[in-house]
């Protein structure tokens, strides 16, 4: 059995997020950073807009539409991505939060885990 490390968890979560976004949006983010800190998992995705969203983001109404659509999609798919994350980190996800910045096409998600994963790995 391979022992998990903080880096391997972060890499696996990053790959899962890219795959999930490709399935949901039709394309993945240009860049993903994942940071595990105790019982928190922070995921920062840059370059997340589809071609249509890039055009929409040029107007205030378009930005509002992107935020609304992305929020609804997250509500619909929240359980699925939380289950995927839980399987990778080896403990339940208690809750998660997400926000998109339509000015820079960046998405931030925070997952609150059921245990201090860093402590378990030490």
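In this note's numbering, the protein residues as written are 1404 to 1525.
Think of the CB as a built atom: it goes at the ideal place given N, C-alpha and C, for glycine as much as any other residue.
Taking the alpha carbon of residue 1499 as the point to measure from, which residue in 1478, 1424, 1462 and 1425 has its own alpha carbon closest?
1478
Comparing alpha-carbon positions, which option in 1488, 1521 and 1494 lies nearest residue 1417?
1488
Residues bridged to residue 1504 (per DSSP)
1509
Here's the rule: buried if 16 or more other CB atoms are within 10 angstroms of the residue's CB, otherwise exposed. What is residue 1463?
exposed
Residue nearest to residue 1466 in terms of C-alpha spacing, selected from 1491, 1504 and 1495:
1504
Go ahead and pull the three-state DSSP assignment for residue 1518.
coil
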